[in-house]
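Quick note: the sequence shown uses this note's numbering, first residue 1, plus one each step.
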Amino acid sequence: MAIFSASRGKPRKSTVFLNISFLFLFLFYIATSYFPDQPNEPEVTTKHSFVLQEELTKTDGCSRIHDYTDYKSKCEYIKSNIGCRSKGYINYLQIFYCTCGKFSMLGHVMLLLWLAVLFYLLGNTAADYFCPSLESLSKLLKLSPTIAGVTLLSLGNGAPDVFASIVSFTRSSNGDVGLNSILGGAFFVSSVVVGVISLLTSPRQISVDKCSFIRDVCFFLFSLCCLLLIILVGKISLWGAISFLAIYLGYVSVVCIMHFQYRKKNHSTADGNQEEFLERGIPLLGYADDEKPIVVDKTTDEDQQSSLIFCNLDSSSCYYLGRLLYVLEYPLYIPRRLTIPVVSEERWSRPYAVVSVALAPLLLAALCNSQRKREFGSKSSLVTYMTSGLIGMVLGNLAYVTTKKSSPPKKSLFPWLAGGFLMSVTWSYIIAEELVSLLISLGYILGINPSVLGLTVLAWGNSLGDLIANVAMAVNGGADGVQIAISGCYAGPMFNTLLGLGISLVISSGSKYPSSFVIPKDPSLYETLGFLIGGLLWALVILPRKNMRLDRSLGIGLLAIYLCFLSLRLARSLGLLKLHGVS
């Protein structure tokens, strides 16, 4: 997650580029939405119109869009087919085929830029707002490192995957995207990240704790077997979904029991040896964030050195250029800063705090109205906005009266932290909803099953921070860093699988209660689960045989399993291989 963390001290090149891209895309969207060029509207022949009218009665989504050859007929098909309407806030198919028209290259570039912006927003919101709120809540509630590591802090690390899964089930009607995203991310982390760590640390002959490793892997295997059973049955009831979600409570209970047993067993030992031994009984997700700033600080130092070299040319020009770059960071920063309360010492600002608690209810009202698909002019929406505006005014005045300009509040922190948590969840949900909608649209444009994009693009994007942070911990953190990284590679994906899919299944089955929720049919899920379980079994067999030492055989085997899986999916996508029941 550290890769997404942004510092307000020095603007980063990547952050500035993404903000400039956002400004360009925003202006383009405004210009094409409110000032359309009417003469360029596509004209469709009578034959095309007759064919397109038939599509209105079909419910196959937007899969027949490639049956048409020219962009004009595709544009008309998108406008007339209900299945082509976006489940998010932006209709990407209409932008690509109608607005960009024959300039398809421009459409591809714009959608890819927007994809990068959404990935950055999702990761940065979790890193800069969601995780700090969770950490502060764990300290305020005085949770032990063990409990915090397997609950609040692991929720922060897996937030992008969890929200993307919930959105895909509840809003996009493409639950297979969420399934493939969660399983793809788990497969990537448990195979590629563990494989890379094993290869890089094999010369040092570092051993990992056997009890923690076997506990995490066995629980993960049990979770995947339960998920496989659910997919085989093809449907799940509300109580079944709750039972699947409860597996994680069982895992937390086992972790706590082991932790207290270690503490009781070693009560009479020396303090130093006791602490060292106790650390090995903890899943260590809670310690991951202590190591991650190393990556950020290193990058920041490099940026500062390069900026100093550049600024030697002209101090006045450098000053104005620095201010310009600082301003260019605001388009993606301001909307979240004005609606998410932040009470940390280093980021405290009384004006931001007052405005954020005043505007937060309005954002929640807007989200509520969009979920109910109400028009802004409707009477119900007006009442919602007036009520939220009144609540915002009251909260804003209370914040102004009870806070100081010099420092954040020291008392009554829980409402502030709970508000920051709620609003960071809200922003993560909005961004994840748009990200899933964009991936589904890209699947239609490229002729690729959206579930494949969820398995690759969405999974890789959400796991990139884990790859960089865990590898950095393993390489630079010594034996303890390797233990932390390996523990996170198994406990983190298990959290995403049980909580991300568990909450999604509970919500979906609850909406169908007393009937059962039908699991999206995607035969490729079987091979994904098969390869994922195969990778876990390989690690479970090889590590004990090597006395729990990470070596090249473990890393090469895991990477080979993942490459075989990717090769199989690529061959099927290109039509080189067809399996029975799998398109």
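Backbone N, C-alpha and C fix where the C-beta goes; we use that ideal spot for every residue, glycine too.
| Check | Outcome |
| --- | --- |
| Between the CA atoms of residue 433 and residue 494 - distance to the nearest angstrom | 22 Å |
| Endpoints, the alpha helix (DSSP H) within which residue 201 is located | 194-201 |
| Three-state secondary structure (DSSP) of residue 518 | strand |
| Helix, strand or coil at residue 18 according to DSSP, with G and I counted as helix | helix |
| Delimiting residues of the alpha helix (DSSP H) encompassing residue 225 | 210-233 |
| Assigned secondary structure, residue 589 (DSSP; H/G/I helix, E/B strand, else coil) | The structure shown does not extend to residue 589, since the chain is modelled only from 1 to 583, so the question has no answer here. |
| Assigned exposure category for residue 590 - 16 Cβ within 10 Å defines buried | The displayed coordinates of the chain run from 1 to 583. Any statement about residue 590 would go beyond what the structure contains. |
| C-beta atoms of residue 554 and residue 482 nearer than 9 Å | no |
| Pair within 9 Å by beta-carbon distance, residue 332 and residue 134 | no |
| Close Cβ partners of residue 533 (< 7 Å) along its chain, the five nearest in sequence each way excluded | 221 and 224 |
| Three-state secondary structure (DSSP) of residue 82 | helix |
| Cα-Cα separation between residue 586 and residue 421, rounded to whole angstroms | Any answer about residue 586 is impossible in this case: the structure gives the chain only from 1 up to 583. |
| Close Cβ partners of residue 234 (< 6 Å) along its chain, the five nearest in sequence each way excluded | 519 |
| Three or more C-beta pairs below 8 Å linking the region 522-529 and the region 237-257 | no |
| Through-space distance from residue 260 to residue 328, alpha-carbon basis | 50 Å |
| As assigned by DSSP and simplified to three states, the class of residue 407 | coil |
| Top-ranked residue by Cα proximity to residue 545, from 435, 188 and 214 | 214 |
| Contacts around residue 109, its chain only, beta-carbon distance under 7 Å, and the 5 residues preceding and following it disregarded | none |
| Other residues of its chain near residue 399: CB distance less than 7 Å, five sequence neighbours each side excluded | 353, 354 and 357 |
| Residue range of the alpha helix (DSSP H) that includes residue 336 | 330-337 |
| C-alpha gap between residue 31 and residue 25, whole angstroms | 10 Å |
| Coarse secondary structure for residue 388, derived from DSSP in three states | helix |
| Closer than 9 Å to chain C by CB, residue 340 | Here chain C cannot be found, since the structure has a single protein chain. |
| Presumed contact (8 Å Cβ cut-off) between residue 438 and residue 111, rounded CB distance | 7 Å |
| Beta-carbon proximity list for residue 552, same chain, < 8 Å, skipping 5 on both sides | 198, 199 and 202 |
| Bridge partner(s) assigned by DSSP for residue 207 | 549 |
| Expected contact under 8 Å - CB spacing of residue 359 and residue 338 to nearest Å | 6 Å |
| Beta-carbon contacts of residue 79 that lie in its chain and below 8 Å, excluding the five residues immediately before and after | 94 and 98 |
| Span of the alpha helix (DSSP H) around residue 108 | 104-125 |
| Whole-Å CB distance - residue 388 paired with residue 365, under 8 Å assumed | 4 Å |
| Residue 345 versus residue 410: straight-line alpha-carbon distance, rounded | 10 Å |
| Status (buried if at least 16 other CB within 10 Å, exposed otherwise) for residue 402 | exposed |
| Residue 236 - DSSP class collapsed to helix/strand/coil | strand |
| Short Cβ contact (9 Å threshold) for residue 447 with residue 182 | no |
| Classification of residue 351 by the beta-carbon crowding that lies within 10 angstroms, buried from 16 upward | exposed |
| Bounding residues of the alpha helix (DSSP H) (the contiguous stretch that carries residue 414) | 413-446 |
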